[in-house]
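Number of protein chains: 2
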Amino acid sequence: MDKTKIGLIGLGTVGSGVAQLLLDHGDRTARHAGRVLWLEKVAVRDLNRPRDCELPAGVLTDQLDEVINHPEIEVVAELMGGVDLAREVVLRSLAAGKDVVTANKALLAAHGPELCDAARKHCRTIAFEASVAGGVPIITNLSQCLSANQVTSLTGILNGTCNFILAKMHSEGTPYGQALEEAQRLGYAEADPALDVNGADTAQKLAILAHLAFGARVAWEEIPCVGIDTLDVADIQHAQQMGYVIKLLGVAELTPDGVQLSVGPTLVRRGGAMADVSGPMNAVHVRADAVGELFYQGPGAGQMPTASAVVADLIDTAAGRTRVTFQTLELWSDRSSRVEMADPKMAVGGYYLRFMVDDTPGVLAKITGVLGEHAISISSVLQHEASDGSAPLVIMTHDTTEGEAVEACCDIAALDCVRSTPVGMRVRG
Amino acid sequence: MDKTKIGLIGLGTVGSGVAQLLLDHGDRTARHAGRVLWLEKVAVRDLNRPRDCELPAGVLTDQLDEVINHPEIEVVAELMGGVDLAREVVLRSLAAGKDVVTANKALLAAHGPELCDAARKHCRTIAFEASVAGGVPIITNLSQCLSANQVTSLTGILNGTCNFILAKMHSEGTPYGQALEEAQRLGYAEADPALDVNGADTAQKLAILAHLAFGARVAWEEIPCVGIDTLDVADIQHAQQMGYVIKLLGVAELTPDGVQLSVGPTLVRRGGAMADVSGPMNAVHVRADAVGELFYQGPGAGQMPTASAVVADLIDTAAGRTRVTFQTLELWSDRSSRVEMADPKMAVGGYYLRFMVDDTPGVLAKITGVLGEHAISISSVLQHEASDGSAPLVIMTHDTTEGEAVEACCDIAALDCVRSTPVGMRVRG
Numbered sequence: 001m002d003k004t005k006i007g008l009i010g011l012g013t014v015g016s017g018v019a020q021l022l023l024d025h026g027d028r029t030a031r032h033a034g035r036v037l038w039l040e041k042v043a044v045r046d047l048n049r050p051r052d053c054e055l056p057a058g059v060l061t062d063q064l065d066e067v068i069n070h071p072e073i074e075v076v077a078e079l080m081g082g083v084d085l086a087r088e089v090v091l092r093s094l095a096a097g098k099d100v101v102t103a104n105k106a107l108l109a110a111h112g113p114e115l116c117d118a119a120r121k122h123c124r125t126i127a128f129e130a131s132v133a134g135g136v137p138i139i140t141n142l143s144q145c146l147s148a149n150q151v152t153s154l155t156g157i158l159n160g161t162c163n164f165i166l167a168k169m170h171s172e173g174t175p176y177g178q179a180l181e182e183a184q185r186l187g188y189a190e191a192d193p194a195l196d197v198n199g200a201d202t203a204q205k206l207a208i209l210a211h212l213a214f215g216a217r218v219a220w221e222e223i224p225c226v227g228i229d230t231l232d233v234a235d236i237q238h239a240q241q242m243g244y245v246i247k248l249l250g251v252a253e254l255t256p257d258g259v260q261l262s263v264g265p266t267l268v269r270r271g272g273a274m275a276d277v278s279g280p281m282n283a284v285h286v287r288a289d290a291v292g293e294l295f296y297q298g299p300g301a302g303q304m305p306t307a308s309a310v311v312a313d314l315i316d317t318a319a320g321r322t323r324v325t326f327q328t329l330e331l332w333s334d335r336s337s338r339v340e341m342a343d344p345k346m347a348v349g350g351y352y353l354r355f356m357v358d359d360t361p362g363v364l365a366k367i368t369g370v371l372g373e374h375a376i377s378i379s380s381v382l383q384h385e386a387s388d389g390s391a392p393l394v395i396m397t398h399d400t401t402e403g404e405a406v407e408a409c410c411d412i413a414a415l416d417c418v419r420s421t422p423v424g425m426r427v428r429g
Numbered sequence: 001m002d003k004t005k006i007g008l009i010g011l012g013t014v015g016s017g018v019a020q021l022l023l024d025h026g027d028r029t030a031r032h033a034g035r036v037l038w039l040e041k042v043a044v045r046d047l048n049r050p051r052d053c054e055l056p057a058g059v060l061t062d063q064l065d066e067v068i069n070h071p072e073i074e075v076v077a078e079l080m081g082g083v084d085l086a087r088e089v090v091l092r093s094l095a096a097g098k099d100v101v102t103a104n105k106a107l108l109a110a111h112g113p114e115l116c117d118a119a120r121k122h123c124r125t126i127a128f129e130a131s132v133a134g135g136v137p138i139i140t141n142l143s144q145c146l147s148a149n150q151v152t153s154l155t156g157i158l159n160g161t162c163n164f165i166l167a168k169m170h171s172e173g174t175p176y177g178q179a180l181e182e183a184q185r186l187g188y189a190e191a192d193p194a195l196d197v198n199g200a201d202t203a204q205k206l207a208i209l210a211h212l213a214f215g216a217r218v219a220w221e222e223i224p225c226v227g228i229d230t231l232d233v234a235d236i237q238h239a240q241q242m243g244y245v246i247k248l249l250g251v252a253e254l255t256p257d258g259v260q261l262s263v264g265p266t267l268v269r270r271g272g273a274m275a276d277v278s279g280p281m282n283a284v285h286v287r288a289d290a291v292g293e294l295f296y297q298g299p300g301a302g303q304m305p306t307a308s309a310v311v312a313d314l315i316d317t318a319a320g321r322t323r324v325t326f327q328t329l330e331l332w333s334d335r336s337s338r339v340e341m342a343d344p345k346m347a348v349g350g351y352y353l354r355f356m357v358d359d360t361p362g363v364l365a366k367i368t369g370v371l372g373e374h375a376i377s378i379s380s381v382l383q384h385e386a387s388d389g390s391a392p393l394v395i396m397t398h399d400t401t402e403g404e405a406v407e408a409c410c411d412i413a414a415l416d417c418v419r420s421t422p423v424g425m426r427v428r429g
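For the protein sequence lines, the chains are A and B, in the order given. Each residue of the first sequence is one higher than the one before, counting from 1 in UniProt numbering. Each residue of the second sequence is one higher than the one before, counting from 1 in UniProt numbering.
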């Protein structure tokens, strides 16, 4: 049986998992690839660091070039993480005639166009199933399985750390800071979890999915993005009382004005599949014109789920499927910008609004009056008893635009009877 | 741009949907295939039957040969249904050098080995995404996305008609016959729904999935199979009281003794994703050694969801991905029988047992005594008040084997205090 020689760059959590699958399950990968996937070289920064997988003698190296310029390695898996050096590694690998597999969403979100152009220039391919939603094969599903469809919306829980923290806040009323600490203790959250909890990680993944699903060329930094790091557990409790749970959603919707994109804590009705996504799981809901609705759920991170996606890419690349897909999809090529990003102010939806208000007569009238001025109609109201002379007033609205909701909140914040900055979140059926 | 000429055989519900996608969305299919998918000919039995899609002049024919022996048609989509003539059409198409796409699970379940051998002999391919779970791309996910994994179990709601009927029985206490009538009125159930409701349809689909996931060569008729047509709404109510819903599940599990396969109404704990699969939806839960657990949900039937899967296959076939996959998977080849079917008697699990018993002292002791003799331990008991001197006694067991459960039920049925045939169903966490 023919061999395809593989080089890995990086032997951290994911790299070790990939090495393990290649070394322990050669029969399996060979059966699916129609050829042996041979782990030829693994480049690491520090040869002496303890590793949780054993490599055959001669495989480990601290010289990048021994992978990138290895004459027989055909596929390089970039599993080092980070952006700048990873970009260089991918570009040099492509230039050296290697196909590339990467799990690096930050790299793709930042340099997708440059890397894909380089791949095309050198007649090579880039595969990146593991970059979004870990073990959930959403990349292949969007770029291949749903190819008879125009996707019309895409809603995802794309960050397992945030979903774990939110689940903790919901089930035990744990405040954000404490839930984050627990996520770190359990290994779900990074030592520096900033990019997870501020929504940036979700926005990067959403930018990739939106490109696949809509051909949208979006800089992830332009996606309106709110994290969970400012979320008050009180809002979780109010949402629960009204039959909702709060999830950090990345949403992309095709509208007549372009693709509406947003990332933020969102109220999701209890009882639906998205509301039930538990712990560190990821999920993606896709609506498309032929198939209707599809829902995918699975592990969004972790060593072996991510390695599963990387090795599937290695198999597809070795077997020749990636070549077909990469060629036809024309990822991030000039030709593929089929739709623009819509004005976020025009995003339509229901809102959850919470105001801390004085416990004085006429407050509800004033606030609902302002909402009325902005043509925002109210779906339900929840007002608890006051303590210290103020009380939370929760208002759920019918569909309005983001622009009107924000303006109304500004006007309401300026009222004398309102004590702190209003809280606003999108609501999804 | 190059063209791939397509021929359809059959222009019923699915065929019309496929024609519509090819005719109305040529830009979309061409973008994904890297070439134009050109609908050249459609063969039907009766030219005069009214159709719900308009074809260009010259496309429709009542001569099979105009498709099968068309010199320029490269891919034939068999969408006529049935088994015998469909088998002939596929064999003749392959012999004439055409790649084949089919949505016909009955055909594959009956003749998969013969058809795939013929395809290999003629160096052609067969793609069949639409044959299982309609719009849910489970075939591609198993044969491609999860290729780094050994699947260890596979649980599916694979028949939308049954799921609709069960949902109706659950939500409204509608008896089976009445729920079936409603499914027929709404177009979910066929005029002759026998193969749906007796579980045969699910068993055929499960046989295909088990072959993909485990390499098991199983005749679908050998899969132990119970339908929903004998299900008593009383058992649905008892299950609900104990926190479960009843779903018609197809289950395949890898055990040390081979693949355990079964189809039957099964108690599924409320609150999980599988329990929430509503109406005519399909769902598949996959457990695999690298990725862990994945859950897919979507429309299991219907014109456009099924057409979405067929056209994805046409695109994959025209683009060249199907060739790679079909070659490496060696479907139903002699080489691929990697695992045998396990003895159904050895299937391990919890059971729901219901006995109609006399309302006399000592009955519970007798019945639990028999269970004890079979080393079956009890997890919970539910006994309602008697009417007419008899009462339903519901017992949920801890894990036991199918063999022990069946023997125990036989022994219990022979007791004087037991009035009718015991009811037994598997329970899944």
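Glycine included, C-beta positions come from ideal geometry on N, C-alpha and C. Values in this document were obtained by computation on a predicted structure and should not be read as measured data.
Asked: Taking just the CA atoms, how far does residue 244 of chain A sit from residue 425 of chain A?; Found: 12 Å
Asked: Would you report the Cα separation of residue 339 of chain B and residue 182 of chain A, rounded to the nearest angstrom?; Found: 43 Å
Asked: Determine whether the Cβ of residue 321 of chain B lies closer than 8 Å to any Cβ atom of chain A.; Found: yes
Asked: Taking residue 149 of chain A as the query, report the chain B residues whose CB atoms sit under 7 Å from its CB, ordered along the chain.; Found: 308
Asked: Helix or strand or just coil, what does DSSP make of residue 442 of chain A?; Found: With chain A covering only 1 through 429, there is no way to say anything about residue 442 of chain A.
Asked: Should residue 282 of chain B go down as buried or exposed, given a rule of 16 or more other Cβ atoms within 10 Å for buried?; Found: buried
Asked: Would you grab the beta carbon distance between residue 267 of chain A and residue 176 of chain A for me? Rounded to a whole angstrom, and I think it's under 8 Å.; Found: Between residue 176 of chain A and residue 267 of chain A the Cβ distance is about 17 Å, and since that is not below 8 Å, they are no contact.
Asked: Is there at least one Cβ from chain B nearer than 8 Å to residue 276 of chain A's Cβ?; Found: yes
Asked: Does DSSP put residue 297 of chain A in a helix, in a strand, or in coil?; Found: strand
Asked: Rounded to a whole number of angstroms, what is the C-alpha to C-alpha distance between residue 137 of chain A and residue 129 of chain A?; Found: 6 Å
Asked: Examine the Cβ distances between the stretch 244-264 of chain A and the stretch 160-177 of chain A and report whether three or more of them are shorter than 8 Å.; Found: yes
Asked: Can you grab the Cα-Cα spacing for the pair residue 117 of chain B / residue 96 of chain B, in whole Å?; Found: 15 Å
Asked: If I follow the unbroken alpha helix (DSSP H) through residue 374 of chain A, where does it start and stop?; Found: No alpha helix (DSSP H) holds residue 374 of chain A; DSSP gives it neither H nor E.
Asked: Could you please tell me which residues of the stretch 69-82 of chain A, in chain order, have their CB closer than 8 Å to any CB of chain B?; Found: none
Asked: Going by the beta-carbon positions, is the gap between residue 300 of chain A and residue 134 of chain A smaller than 8 Å?; Found: yes
Asked: Just to confirm the assignment: which complete alpha helix (DSSP H) runs, minimum length 4, are found wholly within the stretch 16-61 of chain B?; Found: 26-33
Asked: Pull up the distance between the alpha-carbon of residue 321 of chain A and that of residue 124 of chain A, whole angstroms please.; Found: 13 Å
Asked: Who are the neighbours of residue 32 of chain A on chain B, taking C-beta pairs under 7 Å?; Found: 147, 328
Asked: Is the CB of residue 137 of chain A under 8 Å away from at least one CB in chain B?; Found: yes
Asked: What would DSSP say about residue 285 of chain A, mapped onto helix, strand or coil?; Found: strand
Asked: Alpha carbons only, please: which of B:145, B:126, B:41 is nearest the one belonging to residue 104 of chain B?; Found: B:126
Asked: Taking only the alpha-carbon atoms, compute the straight-line gap between residue 410 of chain A and residue 253 of chain A and give it to the nearest angstrom.; Found: 26 Å
Asked: Just the chain A side, please: which residues come within less than 9 Å of residue 208 of chain B by C-beta, in chain order?; Found: Result: empty, since nearest Cβ-Cβ is about 17 Å, beyond 9 Å.
Asked: Roughly how many angstroms separate the alpha carbons of residue 225 of chain A and residue 196 of chain A, rounded to a whole number?; Found: 12 Å
Asked: With respect to the alpha helix (DSSP H) encompassing residue 90 of chain B, which residues constitute its N-terminal and C-terminal limits?; Found: 84-95
Asked: Should residue 367 of chain B and residue 329 of chain B be called a contact, given that it needs their Cβ atoms to be closer than 8 Å?; Found: no
Asked: Spatial neighbours of residue 221 of chain A within its chain, please: C-beta separation below 8 Å, excluding the five flanking residues on both sides.; Found: 203
Asked: For residue 47 of chain B, which residues from the same chain have a beta carbon less than 7 Å from its beta carbon, with the 5 sequence-adjacent residues on both sides left out?; Found: 60, 62
Asked: Quick check on residue 29 of chain B - is its C-beta less than 8 Å from some C-beta in chain A?; Found: yes
Asked: Give the interface partners of residue 431 of chain A over in chain B, defined as CB-CB distance under 9 Å, in chain order.; Found: Chain A is shown from 1 up to 429; residue 431 of chain A falls before or after that span and cannot be answered.
Asked: Kindly identify the DSSP beta-bridge partner or partners of residue 73 of chain B.; Found: B:5
Asked: Does the structure place the stretch 345-360 of chain A close enough to the stretch 402-409 of chain A that three or more beta carbon pairs sit under 8 Å?; Found: yes
Asked: Assign residue 125 of chain A to one of three DSSP states: helix, strand, or coil.; Found: coil
Asked: Between the stretch 280-305 of chain A and chain B, which residues of the former have a C-beta closer than 7 Å to a C-beta of the latter?; Found: 290, 291, 292, 293, 294, 295, 296, 297, 298, 299, 304, 305
Asked: Any residues in the stretch 4-28 of chain B with a beta carbon nearer than 7 Å to a beta carbon of chain A? Which ones, in chain order?; Found: 21, 28
Asked: Since I believe residue 40 of chain A is in contact with residue 72 of chain A (beta carbons under 8 Å), could you give me their beta-carbon distance rounded to a whole number of angstroms?; Found: 7 Å
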